[in-house]
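S.K.:
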Amino acid sequence: MNFIENISAFQNIIYIVSSILFITGIKMLGKEDTAVKGNFLSALAMFTAVAITLIDIVNPLLVIIGISIGAIIGSLIALKVKMTSIPEMVALFNGFGGLATFFIAWSEFYSIPDNTFQYVLVMITTYIGGVTFSGSIIAYGKLSEKLKIQKTSLITKFLTTIFYASLIYLLYAVFISKIFVPSFDFYTILLILTLLGGIGFVIPIGGGDMPVVISLLNSFSGIAAAFAGLLLLNNVLIVAGSLVGASGLILTIIMAKAMNRSIGNILFVGYASSSSGTKSEETGEVKPISVSDAYLILENSSSVLIIPGYGMAVAQAQHVVRELGELLEANGTEVKYGIHPVAGRMPGHMNVLLAEANVPYDVLVEPDDVNPTMDTVDVAVVIGANDVVNPSATEEPGSPIYGMPIIEVHNARTVFVLKRSMSSGFAGVQNPLFFKENTRMLFGDAKDSIGGLVSEFKD
Amino acid sequence: MNFIENISAFQNIIYIVSSILFITGIKMLGKEDTAVKGNFLSALAMFTAVAITLIDIVNPLLVIIGISIGAIIGSLIALKVKMTSIPEMVALFNGFGGLATFFIAWSEFYSIPDNTFQYVLVMITTYIGGVTFSGSIIAYGKLSEKLKIQKTSLITKFLTTIFYASLIYLLYAVFISKIFVPSFDFYTILLILTLLGGIGFVIPIGGGDMPVVISLLNSFSGIAAAFAGLLLLNNVLIVAGSLVGASGLILTIIMAKAMNRSIGNILFVGYASSSSGTKSEETGEVKPISVSDAYLILENSSSVLIIPGYGMAVAQAQHVVRELGELLEANGTEVKYGIHPVAGRMPGHMNVLLAEANVPYDVLVEPDDVNPTMDTVDVAVVIGANDVVNPSATEEPGSPIYGMPIIEVHNARTVFVLKRSMSSGFAGVQNPLFFKENTRMLFGDAKDSIGGLVSEFKD
Amino acid sequence: MEIYVLLGFVLILSIYLGLELISKVPSTLHTPLMSGANAISGIALVGALVLNSDTHLQEILALLAITFASINVFGGYLVTNRMLKMFKKK
Amino acid sequence: MEIYVLLGFVLILSIYLGLELISKVPSTLHTPLMSGANAISGIALVGALVLNSDTHLQEILALLAITFASINVFGGYLVTNRMLKMFKKK
Ligand SMILES: NC(=O)c1ccc[n+]([C@@H]2O[C@H](COP(=O)([O-])OP(=O)(O)OC[C@H]3O[C@@H](n4cnc5c(N)ncnc54)[C@H](OP(=O)(O)O)[C@@H]3O)[C@@H](O)[C@H]2O)c1
Ligand SMILES: NC(=O)c1ccc[n+]([C@@H]2O[C@H](COP(=O)([O-])OP(=O)(O)OC[C@H]3O[C@@H](n4cnc5c(N)ncnc54)[C@H](OP(=O)(O)O)[C@@H]3O)[C@@H](O)[C@H]2O)c1
């Protein structure tokens, strides 16, 4: 008995050490110079916590099997995944984290004594874990475009109703039912409602808003782990879970701010896309340009700003873009990349793609750094970006994106817009940039257009 | 019983709320815009914690008497103290904080059960509290110049020895004696040794190093409170104490960095002032200047940088300095104040003095901001500063202050140095600035010299 | 002192600390931070390891929890590392 | 779980948080921060209030602890406020 007590006191101290490592790790992960080390530190923290837990494990076979399967699947996914599919992968992993805590809470349901507080913790942990799991799976489906469902369809409406019902059931379980003895059937209903509720939570949210949802689910998966920590009286679960909860929350807020929308609006309202339909269409002349004309202008310019957007990811054009950048530099042109925080479909999307294509991160500049000197830029090359360069955000108080910070390319001397058509971007609003005096449209798939420019340069 | 348990659970929750308020308060106290609110929030946190503790107090009379006396004395000190005496006052208050925890630990000595861990906590808390108290009183004495004692005197050496002895006694008490039953006599010896040890800790440290010592004692007073919190199982004491501990530590580090010395060097070595005596004296011509000549130059300059130092505090010249600044501005001259982080005798000393004299804080600039553009400054007016403008710090690798960041006034077009003599500053090293081509010495008490300039301007 | 109150306090402090530490993350690191956080949420593994397995159902639940949490841990750290390695200065 | 381990953990977390929060304080605020921290260390008052007073000695110790901590609290907050009020923007 004394021996076991000693072990658990010792474990607790090691858990604290591991918690401090996690904290330091995530701190370092947030800075460019130390990010790799930070990730390593956090992995070390994980290893420490797991290792010290293993010393008095009851069922080693179970553990070996579980960890082995997990290690194989996890490593395979991590090594195989394409950088453009990172959003889906993050969604999936969020789901797994949620599922693990869901199972933990479920199992604890059979172990806890008749203590009402522990019972409440089981209910809440089950709920957060379950919603994170099923919600993440839906987010995964939407992002990988395996799942397409109308917001107005009957099934969506049904599931949304289930989501609200599940919330009410949880509140009932937490605040009222504890007066009675919790019964198995009661809990089974919660299990089912929770899983369906998670689906209902995410399904009505537009595909483009998925990055915000993923961040939020990331946060939830952390909170679920923290609650599991409360349930199991385990402080490293509490700390690590809280850190994830905080990090997810911050990313959610950053994204919402960069889109100038509230989180509530994103989750429960969505863009009022109908309003843009009734809006008077922008009139004016669109001036297309050919690849060879564009080449001539680029060749003679001394400073070029490249603004990538979702279209670059779709066209997988990051490698040719980097090539173009290098050719321009070899030609004596100063090249910078203007990266908008919500360009693409997940936070930092463009940074990851460009990093993958070997663009050094110190030529990437943020809107605040580039906007004040935009008038010194000879050519702004907009590659598959739309909303993030839409001047309505600063000029048209009625626009749905009004107030969103943008990269103000319309102040550059010349603007090239590379896209396939005149269709709008994610927010579904017209872009007056296309009709400006200094704008030229280079129609076509981004990879093809840039590829064309690259071969012109090489000739 | 159940009622009391409920009260204490409720108290604990309120303590947590109070802790969060403290954390937020100190966070806001660290930013210029929110500092006043932050202090208020922290006072609110204190009020909350005290109020909730009072609800089940046993001896109300004692409490009323104690708090009343404390409130009266504290308020009187706070309202009467001159801004130039803030360092002494902080030293005194640190001491009081330490003393309170010292008494707490002492009292708990009679209440704790025979639990070795609590016994260890009592020993440590007694020690930190006691050393903080007696050390602070010595620091107070040195700062207010009521206490003058030679570093090499016999009594200093004796007390220093006692300090080391007290440390050994503490280690013995913590690690070895707990095998035996703690006896009263044993503890009494600790009490005495601790108080003497605190004196011995501070007494050999040079008067000029007192600010670092005060910060450190500030940190100690926090740590002592945190340990008292461990002893009493009280989380708000732990959190608030830790915050103070952290804040004191950071200020200590900032000061040590700005002086380019290690904390160990400051506490246990001191400046090797003998080396500067043997150094070859700086040769060269010193060019004095009269008040009226200085006035003519100032009148015709378009940008002036004022660098205040310890001498301004001694001369109480901050008000005339502000007046001079205003007259210069009225004359169309751009006026800035270059504030070195360790100018004066406590961190932020110059900021407080100038604020007292109504100089707005946005004309105060830090060394890093002003050094790069120093060559555009027409006149740098050095008022009772010495070490913080000593070019040896950048030019003479052998100098004791080499490596310390300075305000590089020697790069200004003209430098006026206002001091009473050619004597050196706190660090005891010669200042080659006085012999530079572009330097003019305006000898005399700073208040008189500046006063003279002001009357010239007014005529 | 109630253990839950204290653990709840640790939770609050950690969230506060997390918010402070991460609030100024540059946008370059948003994606790696997300997947790094993902890996950390695999800490559920530690919880999964201490579950009772008195019944068959509990045994299965524990196995599943361990497996999914492990996927998170291994997948999360590896992919984050892969991503971070791509970031280079000039 | 040992209560002391947990409280020690709260202590470590708070110090970490404190270091993060204060690390970038501008030099203008060094002195007010110091005296503000001074006031906070008067939290010892809360500890002093819950002391036993079974013996006369303990009663005296409690009274003294309450008094000195109160000086810190009242003096510290007032002087900090006085100082901060002096800082003005142009
Ligand atoms: N990053 C995030 O975390 C995040 C999260 C949530 C929402 N969002 C939202 O996503 C949007 C991101 O803005 P964005 O400017 O990057 O993208 P966008 O506004 O969605 O525009 C993308 C543009 O790329 C073009 N495109 C698509 N495929 C292309 C291809 N193969 N070649 C060339 N062009 C192609 C499309 O026009 P064509 O069809 O005419 O080619 C489209 O106009 C913002 O509204 C943001 O609020 C972002
Ligand atoms: N601020 C802190 O927290 C702190 C902490 C620890 C140590 N220190 C040390 O203190 C020093 C501060 O540098 P500092 O440049 O401010 O001061 P300093 O180097 O100590 O020099 C002060 C100068 O003021 C002159 N002075 C004294 N009374 C005067 C009066 N009434 N009128 C005109 N001049 C007068 C003195 O010269 P005369 O006698 O010729 O007049 C002296 O040279 C640094 O070495 C620093 O490391 C500061």
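Residue numbers (the working numbering), protein chains in the order written: chain A, 1 to 459; chain B, 1001 to 1459; chain C, 2001 to 2090; chain D, 3001 to 3090. Note that the Cβ used here is the ideal one computed from N, Cα and C, for glycine as well. It should be emphasised that the depicted structure is a prediction, and the values quoted were computed from it without experimental measurement.
Use the C-beta contact count for M422 of chain A: other C-beta atoms within 10 angstroms, 16 or more gives buried, fewer gives exposed.
M.R.: As a working note, residue 422 of chain A is residue 422 in the first sequence. Under this definition M422 of chain A is an exposed residue.
S.K.: How many whole angstroms separate the CB atoms of I2015 of chain C and S107 of chain A, which I take to be in contact at a CB cut-off of 8 Å?
M.R.: Numbered from 1 along the third sequence, position 15 holds the residue referred to as residue 2015 of chain C. Numbered from 1 along the first sequence, position 107 holds the residue referred to as residue 107 of chain A. Contact flag wrong, Cβ pair sits at about 26 Å.
S.K.: Can you give me the start and stop residues for the beta strand (DSSP E) that F416 of chain A sits inside?
M.R.: Position 416 of the first sequence, counting from 1, holds the residue named residue 416 of chain A. Note, F416 of chain A: beta strand (DSSP E), 414-419.
S.K.: Residues of chain C with a CB under 9 Å from the CB of E3020 of chain D: which are they?
M.R.: On the fourth sequence, position 20 is the one that residue 3020 of chain D refers to. What E3020 of chain D touches in chain C: L2017, E2020, L2021.
S.K.: Quick one: what does DSSP say L147 of chain A is sitting in, helix, strand or coil?
M.R.: To locate residue 147 of chain A, count along the first sequence from 1; it is residue 147. Three-state result, L147 of chain A: coil.
S.K.: Taking just the CA atoms, how far does L1079 of chain B sit from L1453 of chain B?
M.R.: For the purposes of this step, residue 1453 of chain B is taken as residue 453 along the second sequence, with counting starting at 1. For the purposes of this step, residue 1079 of chain B is taken as residue 79 along the second sequence, with counting starting at 1. Cα-Cα distance, rounded: 33 Å.
S.K.: My understanding is that G1344 of chain B touches N1386 of chain B, with C-beta atoms under 8 Å, so please give their C-beta distance in whole angstroms.
M.R.: Here the question's residue 1344 of chain B lines up with position 344 in the second sequence. Here the question's residue 1386 of chain B lines up with position 386 in the second sequence. With 8 Å as the limit, G1344 of chain B and N1386 of chain B do not qualify as a contact, their Cβ atoms being about 11 Å apart.
S.K.: Out of A:S449, A:N234, A:R261, point me to the one whose CA is closest to G311 of chain A's CA.
M.R.: In the first sequence, counting from the first residue as 1, residue 311 of chain A sits at position 311. Comparing Cα-Cα distances from G311 of chain A to each of A:S449, A:N234, A:R261, the minimum goes to A:S449.
S.K.: Is K3077 of chain D helix, strand or coil by DSSP?
M.R.: Along the fourth sequence, read from residue 1 onward, the residue named residue 3077 of chain D stands at position 77. Reading the sequence as shown, one finds Tyr at residue 3077 of chain D and not Lys. In the structure shown, the three-state DSSP call for Y3077 of chain D is helix.
S.K.: If I measure Cβ to Cβ from E2020 of chain C and keep anything under 7 Å in the same chain, skipping five residues before and after, which residues do I get?
M.R.: Working through the third sequence from its first residue, we reach residue 2020 of chain C at position 20. Contacts found: none.
S.K.: Quick one: list the residues of chain C neighbouring N1006 of chain B, beta-carbon separation under 8 Å, in chain order.
M.R.: Here residue 1006 of chain B refers to the residue found at position 6 of the second sequence. Under the 8 Å cutoff, chain C gives no residues; its nearest Cβ is about 11 Å from N1006 of chain B.
S.K.: Can you tell which of B:A1412, B:L1324, B:N1431 has its C-alpha closest to the C-alpha of G1451 of chain B?
M.R.: Within the second sequence, numbered from 1, the residue matching residue 1451 of chain B stands at position 451. Minimum Cα distance to G1451 of chain B is reached at B:L1324.
S.K.: Please check the pair I3022 of chain D and G1030 of chain B, which I expect to be a contact at CB under 8 Å, by giving their CB distance rounded to whole angstroms.
M.R.: Reading the fourth sequence from its first residue, position 22 is the one you call residue 3022 of chain D. Reading the second sequence from its first residue, position 30 is the one you call residue 1030 of chain B. Right, the Cβ-Cβ distance comes to about 5 Å (below 8 Å), so this counts as a contact.
S.K.: If I measure Cβ to Cβ from E1326 of chain B and keep anything under 7 Å in the same chain, skipping five residues before and after, which residues do I get?
M.R.: Start at 1 with the first residue of the second sequence, and residue 1326 of chain B comes out as number 326. Closer than 7 Å at Cβ, skipping near neighbours: no residue.
S.K.: With 8 Å as the threshold, decide whether the Cβ of L2006 of chain C is near any Cβ in chain D.
M.R.: In the third sequence, counting from the first residue as 1, residue 2006 of chain C sits at position 6. L2006 of chain C counts as touching chain D.
S.K.: Need the endpoints of the beta strand (DSSP E) that F1093 of chain B sits in, please.
M.R.: One-based indexing of the second sequence puts residue 1093 of chain B at position 93. Note, F1093 of chain B: premise wrong, no beta strand (DSSP E); alpha helix (DSSP H) at 1086-1109.
S.K.: Sort A:L230, A:G66, A:V382 by Cα distance to G338 of chain A and report the nearest one.
M.R.: Position 338 of the first sequence holds residue 338 of chain A. The shortest CA-to-CA distance from G338 of chain A to any of A:L230, A:G66, A:V382 is the one to A:V382.
S.K.: Hey, quick one: how far does the beta strand (DSSP E) through I307 of chain A stretch, first residue to last?
M.R.: As a first step, residue 307 of chain A is located in the first sequence; it is residue number 307 there, counting from the start. 303-308 is the extent of the beta strand (DSSP E) around I307 of chain A.
S.K.: Would A139 of chain A pass as a contact of M255 of chain A if the rule is Cβ separation under 8 Å?
M.R.: In the first sequence, residue 139 of chain A corresponds to position 139, counting from 1. In the first sequence, residue 255 of chain A corresponds to position 255, counting from 1. Not closer than 8 Å, so no.
S.K.: State the beta-bridge partners of A224 of chain A as determined by DSSP.
M.R.: Position 224 of the first sequence, counted from the first residue, corresponds to residue 224 of chain A. Note: A224 of chain A sits in no beta bridge, so no partner.
S.K.: Shorter than 7 Å, the distance from the beta carbon of E345 of chain A to the closest heavy atom of ligand 1, or not?
M.R.: The residue labelled residue 345 of chain A in the question sits at position 345 within the first sequence. It is worth fixing the name first, because residue 345 of chain A is Arg in this sequence and not Glu. True, at least one ligand heavy atom lies under 7 Å from that Cβ.
S.K.: Between I266 of chain A and chain D, is any beta-carbon pair separated by less than 8 Å?
M.R.: Translated into the one-based positions of the first sequence, residue 266 of chain A becomes position 266. It does not; no Cβ of chain D falls within 8 Å.
S.K.: Of all Cβ atoms in chain C, is any one closer than 8 Å to the Cβ of A1009 of chain B?
M.R.: Along the second sequence, one-based indexing puts residue 1009 of chain B at 9. Output row for A1009 of chain B: interface = yes.
S.K.: When Cβ atoms are compared, which residues of the region 2026-2038 of chain C fall closer than 9 Å to chain A?
M.R.: P2026, S2027, T2028, L2029, H2030, T2031, P2032, L2033, M2034, S2035, G2036, A2037, N2038
S.K.: What does F3087 of chain D reach in chain A if we use C-beta pairs closer than 9 Å?
M.R.: Stepping through the fourth sequence from its first residue, residue 3087 of chain D is reached at position 87. Simply none; closest approach about 28 Å.
S.K.: With a cut-off of 8 Å on the beta carbons, I'd call A355 of chain A and K447 of chain A a contact; round off their distance for me.
M.R.: Position 355 of the first sequence, counted from the start, is the residue given in the question as residue 355 of chain A. Position 447 of the first sequence, counted from the start, is the residue given in the question as residue 447 of chain A. Rounded, the Cβ-Cβ distance is 18 Å, inconsistent with contact.
S.K.: Assign G284 of chain A to one of two classes, buried (16 or more other C-beta atoms within 10 Å of its C-beta) or exposed (fewer than that).
M.R.: Your numbering for residue 284 of chain A matches position 284 in the first sequence. Per the 10 Å Cβ criterion, exposed.
S.K.: With distance defined between alpha-carbon atoms, name the residue in B:K1436, B:N1039, B:F1109, B:I1067 nearest to K1287 of chain B.
M.R.: Stepping through the second sequence from its first residue, residue 1287 of chain B is reached at position 287. With distances taken between Cα atoms, K1287 of chain B lies closest to B:K1436.
S.K.: Please report the residue range of the beta strand (DSSP E) in which G1338 of chain B lies.
M.R.: In the second sequence, residue 1338 of chain B corresponds to position 338, counting from 1. Start and end: 1334-1338.
S.K.: Output needed for G1264 of chain B: all residues of its chain with C-beta closer than 7 Å, excluding positions within five of it in sequence on either side, in chain order.
M.R.: Residue 1264 of chain B sits at position 264 when you count from the first residue of the second sequence. Once the five neighbours on either side are set aside, G1264 of chain B has no close Cβ partner at all.
S.K.: In chain order, which alpha helix (DSSP H) runs of at least 4 residues are fully inside the region 1313-1381 of chain B?
M.R.: 1318-1330, 1349-1356, 1367-1370
S.K.: Is F175 of chain A close to chain C? Criterion is C-beta to C-beta, closer than 8 Å.
M.R.: Residue mapping note: residue 175 of chain A aligns to position 175 of the first sequence, counting from 1. Not an interface residue.
S.K.: Within the chosen definition, does the region 1069-1083 of chain B reach the region 1189-1200 of chain B through at least 3 CB pairs nearer than 8 Å?
M.R.: Because the criterion of three Cβ pairs below 8 Å is not met, the region 1069-1083 of chain B and the region 1189-1200 of chain B do not touch.
S.K.: Which residue marks the beginning of the beta strand (DSSP E) containing M2034 of chain C, and which one marks its end?
M.R.: As a working note, residue 2034 of chain C is residue 34 in the third sequence. No beta strand (DSSP E) holds M2034 of chain C; the alpha helix (DSSP H) holding it covers 2030-2040.
S.K.: Which chain C residues are close to A385 of chain A, counting only those with a beta carbon under 7 Å from its beta carbon?
M.R.: Start at 1 with the first residue of the first sequence, and residue 385 of chain A comes out as number 385. Simply none; closest approach about 15 Å.
S.K.: Would you say V3050 of chain D lies against chain C (beta-carbon separation less than 8 Å)?
M.R.: Stepping through the fourth sequence from its first residue, residue 3050 of chain D is reached at position 50. No, because no Cβ of chain C sits closer than 8 Å to the Cβ of V3050 of chain D.
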